[in-house]
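Enquirer: Here's a structure for you.
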């Protein structure tokens, strides 16, 4: 939401400058510059989302491995084929599994936040490449918003 407010304030300031006849550059060029910035921000959000997904995938693989190891260890202890000294190893695996579950839950929350930010950015720019400025049309860049 803060991103949306900041962008709206930017557009308002831009309109105020045009009311008083002050323009330092061609509006089409300004809009192209703005879209390039939005495109960079979109790519950054996408990159962060991919990093989160990669971390989650790796963590889920380790989680499955630790869970399997813990299950076999507990089973072997119940069958009497493992010594009671392995109890500390079960405790370590349990702690690791719980940490994995907490981290995976946090990564899911982060992914949700990234999607919300990305959706907000898309809403600001608009699906058709036009932002909230109604004074003209955007020059569409070659990137994501083009």
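Numbering (the numbering used here), first residue to last: 67 to 212. A virtual CB, placed ideally from N, CA and C, is assigned to each residue, including glycine.
At what residues does the alpha helix (DSSP H) containing residue 161 begin and finish?
Expert: The sequence position of residue 161 within the chain shown is 95, counting from 1. Element bounds for residue 161: 153 to 191.
Enquirer: Within 10 Å of its beta-carbon, does residue 97 have 16 or more other beta-carbons around it, so buried, or fewer, so exposed?
Expert: Start at 1 with the first residue of the chain shown, and residue 97 comes out as number 31. It is buried - the Cβ of residue 97 has at least 16 other Cβ atoms within 10 Å.
Enquirer: Assuming residue 111 and residue 175 are in contact, meaning their beta carbons sit under 8 Å apart, how far apart are those beta carbons, in whole angstroms?
Expert: Stepping through the chain shown from its first residue, residue 111 is reached at position 45. Stepping through the chain shown from its first residue, residue 175 is reached at position 109. Residue 111 to residue 175, Cβ: 16 Å. No contact.
Enquirer: Is it right to say residue 100 is buried, meaning 16 or more other beta carbons lie within 10 angstroms of its own, or is it exposed?
Expert: Translated into the one-based positions of the chain shown, residue 100 becomes position 34. So residue 100 ends up on the buried side.
Enquirer: So which of 164, 167, 145, 140 has the shortest CA-CA distance to residue 154?
Expert: As a working mapping, residue 154 is identified with position 88 in the chain shown. Closest by alpha carbon: 140.
Enquirer: Grab the span of the alpha helix (DSSP H) containing residue 130 for me, first residue to last.
Expert: Taking the chain shown and counting its residues from 1, the one referred to as residue 130 is at position 64. Per DSSP, residue 130 belongs to the alpha helix (DSSP H) from 93 to 144.
Enquirer: Grouping DSSP H, G and I as helix and E and B as strand, with all else coil, what is residue 68?
Expert: One-based indexing of the chain shown puts residue 68 at position 2. Helix.
Enquirer: What is the rounded straight-line gap between the Cα of residue 180 and the Cα of residue 156?
Expert: Numbered from its first residue, the chain shown carries residue 180 at position 114. Numbered from its first residue, the chain shown carries residue 156 at position 90. So the alpha carbons of these two residues sit roughly 36 Å apart.
Enquirer: Of the residues 149, 135, 107, which one's Cα is nearest the Cα of residue 190?
Expert: As a position in the chain shown, residue 190 is number 124, starting the count at 1. Minimum Cα distance to residue 190 is reached at 107.
Enquirer: Taking all protein chains shown into account, do 16 or more other C-beta atoms lie within 10 angstroms of the C-beta of residue 214, making it buried, or fewer, making it exposed?
Expert: Nothing in the structure corresponds to residue 214, since the chain is present only between 67 and 212.
Enquirer: Which value, in whole angstroms, describes the spacing of the CA atoms of residue 158 and residue 74?
Expert: On the chain shown, residue 158 is found 92 positions in, with the first residue counted as 1. On the chain shown, residue 74 is found 8 positions in, with the first residue counted as 1. Cα to Cα, the separation comes out at about 51 Å.
Enquirer: Given a cut-off of 8 Å on the beta-carbon distance, is the pair residue 122 and residue 170 in contact?
Expert: Walking along the chain shown from the start, residue 122 turns up at place 56. Walking along the chain shown from the start, residue 170 turns up at place 104. Cβ atoms of residue 122 and residue 170: closer than 8 Å.
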